[in-house]
Amino acid sequence: MMQHYPVLSIIILFLGAFLNALFGGKSSIVRNIITFLSTGTSFLLILLLIKPIMLEGKVISYWMGNWIPVSDWAIGIGLEVDQLSLFFALLVSFTVFLSGIYSFKYMENDDTLDKYYVLYLMLSGGVMGFVLSGDIFNMFVMIEIFTFAAVALTAFRNYIEGALEAAFKYIVIGSIGSSFILAGTTLLYAQLHTLNMAQIAALMHKNYTPITLFSLGLMFTGYAVKSFIVPCHAAAPDAYMTAPSSISMLFSGMVNKAGVYGMIRLLYMLFQSINLPSMQILIIILGTITMFIGVTMALIQNDFKRLLAFHSISQIGYVITGIGLSTALGITGGLYHALNHTLFKGLLFLCAGAVFYSVGTTDLNKLGGLAKKMPHTALIFLIGAFSISGLPPFNGFVSKWLIYQSAYEEGFVIVTIIALLVSVLTLASFIKVTQSVFFGQLSKECENAKEVPIGMRIPMWIMAFMCFITGILPQYVTKYLITPAVSATLNIGKYIDAMLKDGYAEKYFKETVPVPNINYKLAGYWRPEYYLILFIIILLAFTLTVLAGGIDVNRRSIVSKEIEDYKYDTFYSGEKSEYSQVGGADLFWGLKYDFRKYFNFMHSAHSGVVNDYTLWIISTAAIVIAYIFLLVP
Amino acid sequence: MNFPFVKEAVNSLFKKPSTERYPFVKKEAPLGYRGRILFKSDKCIGCGMCIRVCAPGAITKSTKKTDDGEEITMNFFMGRCTFCQMCADFCPRGAIELTNEFSMITEDKSNLNVSGTFIKKLPPKQQAGSQTISKQV
Amino acid sequence: MFKKIIEKSFEKSPWLFHINAGSCNACDIEFVATLTPRYDAERFGFKLTGTPRHADIIVVSGPVTEQSKDRVIRTIAQVPNPKVIVALGSCPASGNIFAGSYSVLHTLDYYVPVDVYVPGCSPKPEAIIDGLYKAVEILKNKRRDNK
Amino acid sequence: MLILKYLFYIFVFPGFLFCFFAGLILAGIDRKIVARMQKRIGPPILQPFYDFFKLMGKETIIPNSAAKRTFIAAPVAGLISLVTISLFIPIFKFSAFNAVADVIVIIYLLTIPAVSLIIGGSSSGSPYAGVGISREMVSIVSYELPLIIALLAVGKKAGMAVNDGMVTFSLSKIVEYQSLKGPMLFHWSMIPAFLAMLFVIPCEVGSLPFDIAEAEVEICEGPLVEYSGFPLGIYKLNYALKIFIFSSLFVTLFLSGNGTGIILFDAAIQYVLCIIVVILSVSLIRAVTARLRVEQMLKFYWTYPTALSILSLILVWLGL
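Going down the list, the protein sequences come from chains A, B, C and D. Residues 1 to 633, numbered by full-length UniProt numbering, are exactly what the first sequence covers, in order. Residues 1 to 137, numbered by full-length UniProt numbering, are exactly what the second sequence covers, in order. Residues 1 to 147, numbered by full-length UniProt numbering, are exactly what the third sequence covers, in order. Residues 1 to 320, numbered by full-length UniProt numbering, are exactly what the fourth sequence covers, in order.
Following this line, the structure appears as structure tokens:
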């Protein structure tokens, strides 16, 4: 029965979409139930798969329509679920499930919600299918499904100015990426007469013909567009900003992770070209550029969600750098960061949605002082901000630290320095958001802001709790989730044998594929007794406050207006305290002034004109292909 | 990239600090310091010149009729005085003198008043129709 | 045990905050002169702070003009208890030569309870140190009284 | 039994009490030396203790525009992370908790006190604090770069010999390397990194030329503008702890070796070295310089100290 779980989890999502289309229009309860059931069961099925695949290391292969390979030549479409694809499937189904619950309440004052849920389930079904399929053309079909669903969802709130323009940009850039992938797939099919990933991997072992190299270049750029790596990232900020937050949570948690999954499969499985140093250098350069440009652009943004969008791009840079290092520790860091990124970025987008839900705007210059009106959201946001900037008790710290460790060990010193610098700049931009949205003075728009309903807060609390858990117990997360996925990426022999038949890989590889041992000698984690210390120190701090005696923290007595008691007004060097919020654009004057040439250049480079962006993508494609032809063989 | 005064800073570490240990070592105000007013009430004749020249109007005069003359009290309110010594210079009798006592710290304003009273005898009652005004102190 | 230490430390580390309520700056310069190497008020723990929230002793100099009146009241209200108010120079005590002017209607003690007067049209730095010394004693008594 | 040992570590020796007294005395010495450099007597050495306990006795005012819980919690969070760091720093051979890679843990734990200052300031809701925050953040960005490069250089240098060629981020390995080959300072290739770290200390601690965030004159003590009483006391304690912890980290990285083995003497030697380092870097520069502007600080830190530490990184990478 376990054979059928992967297909079931995809089909249930599409079935949900179909049912929603039929009965969704009736009432919101019907819609919510259909969505909740379909996302819930698909999440449950994936959870059930963890035990067999992750712990016992089995690999499920499933041939659609039972078209098993004829004289070991794969004809039918095969679904292949090994530890790596299950890891990404887990991310996808978790985010989809939580975002579904969130959007019940979040989208309630929008109309035509049945169309929203149809597109929502199509998007999640598409990504789930992409992550689980073992056939490259089937992956292309799934890419088409989720790209068009994503485009439609970006423009769902077409009354927001810039929504249609963002959707137009996304569709132009997305379809260029898809067409690159399609061209690569057809070239591969023409060369190797098969579409099954395992078979291609076996046939492609160490014999690169010019055509396959050309298809590698094309598919590499296609997946770069899908995962929004810098030269081709321009569609992301607009799309994330105008899409409803529950959808931009899916974008940043799932859609660009799908691009990263495609990149891993392409480099580690299909072309096994990752162990060529020239290929590694290309990926690491792209990853570092993405990291740096993503965060520097985020520093000068004035909109909450656009800032988060640029951060997603820079965090994907971290993941790509981790994966580009191709050592066991590097991939562990990359995958762990992908998991953490899905968690804390999803959390931050939910907070942005909560702010939009209760205040109606996400412009940093208009907001201020929301912590008093929305204490839960402020606390959750702080947890998210601390975990993305990598402060120790939270999860960002562990994965970023793994990436520094492996990058420095591999000799990429500049990459480590830039990575550490980017982490500090991330902290800087989230301090900017904290000051201008949650703390500071209460602005006029936020006077009547209320706390978001409990329906939206539950997923936020779950996400925050997950952020905390993966930060405190890294060894268990790696042992059960990350290490199996890393060994699956590096050891493709088992993948091929499970897909076709045993011994198939040996025939082509001429030697058994060595499974590298993952040396954790260097990876020093937070051992459990550290939490004992933290707990005791917190106790110490508490006793200090009580013991010191002589303290009279006076409860702020409610001062009625007519007694002019200025004691509790903020200090304005004597003036009457009036509204003057320092936040949004006018923070970090020193930094912006010193790098004004760089920031002006970056500002003008992101011109917002679609043809510039397409020019970038085409030029990256050309550079990548030239690079591969010159250096790879 | 030069750090000024580093040499002075370092070797002043080994020199004695140039602070006067004021409250423990009493310090005399310099000669001629215009400090608290000393009013010699016996010399004063109550002419009011000091009141006229006092810019802040710190000096007040109050008279009280008594049986053998007027009792005049002159009050110098130090809290209002700018210590310009005009009163001392213009006093024809030299009854006002500014000492060099500088620290007049108080908790309530009242004991900042320097005052002195004297009796100004009226000239002796003229017997009705007496001719000359005899010189009377 | 803590109470005694806190009691003693009130005497040892009084922090100052200076308000210029329209003064001619003579007293301000003399007041800052106490922090220079020659008079060095810091050896008693005096420290000039930037905000009334950190201050224990508030030094007001200058006749309280109409314009600076409510600013002085507001700033002094924002100082946490126990606090001591020092009138520096003769202007806050009586308005000195500005007394009759249209903008100086009352003296400082009309608006806030003044604890120490340091008279002198720009008192000598030694006089200011004496004044601050007395203010520290008052601070200690205030601390002992209401705790 | 293990719990008792940990409790002793946390509360007494390298933990809270030791840091409390060492830090405050060090801050007192720093103030006294600066005074003496300006030819004035200066406050008694125990002045920081008096300041701390006086602030404990003062009334704590929480302004209307402040987010109350964060306002109180922020300084305590800074204190917690500072005490945690002090547990990681080895004193010659003895170290309370030696994780495999405590240098990176320390780098991140050192940003938490600065972040707690920022969150505290921003939760007080005053515009002065807003300006103070952006300056504090720019100062973190400016000193982080040379600090990281210098630490990477030290890690690589120690790793070459001790950790079979691979970089080591564990302080106990760095101390072990120095016990074999003498303090890091005597290896000429490490002198640029030593100077770079010496420049970083004033900015990390926030002493005069770089205390732009808490400029009492321009923006009325920056983030601390609304603090009074007990939270302000904790922030002043954090300031003193930061001086002590960062200088003892500096001593461990560059001047340690195999100490005398008896913890008491080791702690004393390390403390004397800390005093010398603090006098050299914090007090001397504080006595003679005036406050810089924000972007001058950024420009300064990203040119001179960064160039120095990159130079020593290159030298180390070439295996010298």
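Idealized CB from N, CA, C, for every residue including glycine.
What residues are listed by DSSP as bridge partners for residue i?
{"i": "Ser-62 of chain B", "result": "B:Thr-73"}
{"i": "Thr-41 of chain A", "result": "Answer by DSSP bridge pairing: none, since Thr-41 of chain A is not bridged."}
{"i": "Glu-575 of chain A", "result": "Note: Glu-575 of chain A sits in no beta bridge, so no partner."}
{"i": "Asn-113 of chain B", "result": "B:Phe-77"}
{"i": "Glu-20 of chain B", "result": "Looking at the DSSP assignment, Glu-20 of chain B forms no beta bridge with any residue, so it has no partner."}
{"i": "Val-84 of chain C", "result": "C:Ile-57"}
{"i": "Asp-363 of chain A", "result": "A:Asp-303"}
{"i": "Phe-94 of chain D", "result": "D:Ile-91"}
{"i": "Phe-39 of chain B", "result": "B:Ile-96"}
{"i": "Thr-106 of chain B", "result": "C:Tyr-117"}
Check the Cβ of residue i against every Cβ in chain B and list those closer than 9 angstroms, keeping chain order.
{"i": "Arg-38 of chain C", "result": "Ser-18, Thr-19 and Glu-20"}
Note down, in chain order, every chain D residue with its Cβ under 7 angstroms from the Cβ of residue i.
{"i": "Phe-5 of chain B", "result": "Val-288"}
Is DSSP giving residue i helix, strand or coil here?
{"i": "Met-269 of chain A", "result": "helix"}
{"i": "Tyr-117 of chain C", "result": "strand"}
{"i": "Val-632 of chain A", "result": "coil"}
{"i": "Glu-126 of chain C", "result": "helix"}
{"i": "Tyr-62 of chain A", "result": "strand"}
{"i": "Ser-133 of chain A", "result": "strand"}
{"i": "Val-559 of chain A", "result": "With a pLDDT of only 43 at Val-559 of chain A, under the threshold of 50, the placement of this residue in the model should not be trusted; the figure read from the coordinates follows. Looking at Val-559 of chain A - three-state DSSP - the assignment turns out to be coil, as it is neither helix nor strand."}
{"i": "His-18 of chain C", "result": "strand"}
{"i": "Trp-73 of chain A", "result": "strand"}
{"i": "Glu-161 of chain A", "result": "coil"}
{"i": "Ser-61 of chain C", "result": "strand"}
{"i": "Gly-78 of chain A", "result": "strand"}
{"i": "Asp-51 of chain D", "result": "helix"}
{"i": "Leu-84 of chain A", "result": "helix"}
{"i": "Lys-134 of chain C", "result": "helix"}
{"i": "Leu-110 of chain D", "result": "helix"}
{"i": "Tyr-520 of chain A", "result": "Confidence in Tyr-520 of chain A is poor, its pLDDT being 49 and thus under 50, which makes the residue's placement unreliable; the coordinate value appears in the next sentence. Reduced to three states, the DSSP call for Tyr-520 of chain A is coil."}
{"i": "Ile-45 of chain B", "result": "coil"}
{"i": "Leu-442 of chain A", "result": "coil"}
{"i": "Asn-207 of chain A", "result": "coil"}
Would you mind telling me which residues of chain D sit closer than 8 angstroms to residue i, beta carbon to beta carbon, in chain order?
{"i": "Ala-9 of chain B", "result": "Met-37, Gln-38, Leu-284, Ala-287 and Val-288"}
{"i": "Lys-15 of chain B", "result": "Lys-39"}
{"i": "Tyr-404 of chain A", "result": "Ile-104"}
Anything in chain C within Cβ reach of residue i, meaning under 7 angstroms, just list it in chain order.
{"i": "Ser-228 of chain D", "result": "Arg-53, His-54 and Pro-80"}
Just the chain A side, please: which residues come within less than 9 angstroms of residue i by C-beta, in chain order?
{"i": "residue 341 of chain D", "result": "Nothing about residue 341 of chain D can be reported from this structure: the residues present for chain D run from 1 to 320 only."}
What in chain A is Cβ-close to residue i, meaning under 8 angstroms?
{"i": "Leu-152 of chain D", "result": "Tyr-408, Val-413, Thr-416 and Ile-417"}
{"i": "Glu-176 of chain D", "result": "Under the 8 angstroms cutoff, chain A gives no residues; its nearest Cβ is about 16 angstroms from Glu-176 of chain D."}
Residues within the segment 65-87 of chain C neighbouring chain A, beta-carbon criterion of under 7 angstroms: Arg-71, Arg-74, Thr-75, Ala-77 and Gln-78
Cβ-based contacts, 7 angstroms cut-off: residues of the segment 47-67 of chain C near chain A: Thr-51, Pro-52 and Arg-53
Interfacial residues, the segment 408-420 of chain A to chain D, with Cβ spacing under 8 angstroms: Tyr-408, Glu-409, Val-413, Thr-416, Ile-417 and Leu-420
In chain order, each alpha helix (DSSP H) run of at least 4 residues that lies wholly inside the segment 185-238 of chain D: DSSP runs (the alpha helix (DSSP H)) wholly in the segment 185-238 of chain D: 191-205 and 216-219.
The segment 433-451 of chain A: positions lying closer than 9 angstroms to chain C by Cβ: Legend: CB atoms of the segment 433-451 of chain A lying less than 9 angstroms from CB atoms of chain C are not found in any residue.
Those runs of the alpha helix (DSSP H) which lie wholly inside the segment 131-163 of chain D and span at least 4 residues: Taken in chain order, the complete alpha helix (DSSP H) segments of 4 or more residues contained in the segment 131-163 of chain D number zero; there are none.
Contained alpha helix (DSSP H) runs [length at least 4] in the segment 389-416 of chain A, N- to C-terminal order: Within the segment 389-416 of chain A, the complete alpha helix (DSSP H) runs of at least 4 residues fall at 395-409.
Inside the segment 232-311 of chain A only - beta strand (DSSP E) runs reaching at least 3 residues: none
Selection of the segment 232-256 of chain D by Cβ proximity to chain C, strictly under 9 angstroms: Leu-232
Members of the segment 14-43 of chain C that neighbour chain D once the beta carbon cut-off is set at 7 angstroms: Pro-37, Asp-40, Glu-42 and Arg-43
Residues in the segment 111-127 of chain A having any Cβ partner in chain D nearer than 8 angstroms: none
Near-chain D residues of the segment 116-144 of chain C (beta-carbon distance less than 8 angstroms), N- to C-terminal order: For the segment 116-144 of chain C, the set of positions with a beta-carbon nearer than 8 angstroms to some beta-carbon of chain D reads Arg-143 in chain order.
Contained beta strand (DSSP E) runs [length at least 3] in the segment 313-369 of chain A, N- to C-terminal order: none
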